[in-house]
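The sequence shown begins at 10 in my numbering and counts up by one. Note that beta-carbon positions come from the ideal geometry of N, C-alpha and C, so glycine has one too. Please read these numbers as outputs of a predicted model, since none were measured by experiment. Take a look at the structure below.
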Amino acid sequence: MSKVSIIMPSYNKELYISQAIDSILRQSFKDFELLIIDDVSSDNSVEIIKSYSDKRIRFFQNKDNLGMASTRNIGLSEAKGEYIALLDADDISTEDRLEKEVLFLDQCKDIDIVFGKFQEIDENNVIKELYHTPLKNPLFIKAKLLVKDVIPNGSCMYRK
10 MSKVSIIMPS YNKELYISQA IDSILRQSFK DFELLIIDDV SSDNSVEIIK SYSDKRIRFF
70 QNKDNLGMAS TRNIGLSEAK GEYIALLDAD DISTEDRLEK EVLFLDQCKD IDIVFGKFQE
130 IDENNVIKEL YHTPLKNPLF IKAKLLVKDV IPNGSCMYRK
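Next comes the structure, spelled out in structure tokens:
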């Protein structure tokens, strides 16, 4: 069993999915499985995914287009890792992301989720704004989650 299961839903992301997959395969932390779930893409996403031969990649294809949430849930139901990390098919992780997040969760048993800063990159590979949501007050976090998703998918990891 892998320590971390990375869930990557994909729908028509041929322009980005290679970078997303490569960013996971280059991780300094190696004990992971990458679950890629294609949601009936009509572009070349499936061919790109199938071109990878890394044994840590597990590929699933929906029979019908189910949408992002249901597609991610399929990955969650198949995940075998102790920790779950999310990464969309148009996201890129830094090479030490998994290592840092696993270390933190291993050391802080009373914490169930960790996430970090993220930056947007446009279609021309121009780095845009840096997003950072410092959340320290549990009451503030709870109130904020009722109205807005403040935990960025592409940088979060949590206990299964």
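(message) Going by the DSSP bridge assignment, what does F68 pair with across the sheet?
(response) Paired residue(s): I45.
(message) Quick test of the definition: if touching needs 3 or more C-beta pairs under 8 Å, does the region 88-105 touch the region 29-37?
(response) yes
(request) Determine the contact status of A88 and K169, defining contact as a CB-CB distance below 8 Å. (result) yes
(request) Tell me, please, whether the region 39-53 touches the region 64-81 by the rule of three or more beta-carbon pairs shorter than 8 Å. (result) Proximity of the region 39-53 to the region 64-81 meets the contact definition, three or more beta-carbon pairs being nearer than 8 Å.
(request) Round the Cβ separation of D97 and M166 to the nearest angstrom and send it over; I've been treating them as touching at under 8 Å. (result) About 14 Å separates the two Cβ atoms, so there is no contact after all.
(request) Quick one: measure Cβ to Cβ for K3 and Y92, integer angstroms, because I've assumed they're closer than 8 Å. (result) Because residue 3 is not part of the residues shown, which for the chain are 10 to 169, the question remains open.
(request) Could you say which of L95, N74, Y20 lies nearest to I160 if we only look at CA atoms? (result) L95
(message) Report the CB separation of N74 from V111 in whole angstroms; it is logged as a contact under 8 Å.
(response) About 33 Å separates the two Cβ atoms, so there is no contact after all.
(request) Can you give me the Cβ contacts of Y25 inside the same chain, cut-off strictly under 7 Å, excluding the 5 residues immediately before and after it? (result) A98, D99
(request) Using three-state DSSP, classify M96 as helix, strand or coil. (result) Sequence check: residue 96 is Leu here, not Met. DSSP, reduced to helix, strand and coil, places L96 outside both helices and strands of the structure shown, so it counts as coil.
(message) When you compare the CB positions of V55 and Q36, do they come within less than 8 Å of one another, or not?
(response) no
(message) My assumption, with CB atoms under 8 Å, is that F113 sits in contact with S164. Please give the rounded CB distance.
(response) In this structure F113 is not in contact with S164, their Cβ atoms being roughly 12 Å apart against a cut-off of 8 Å.
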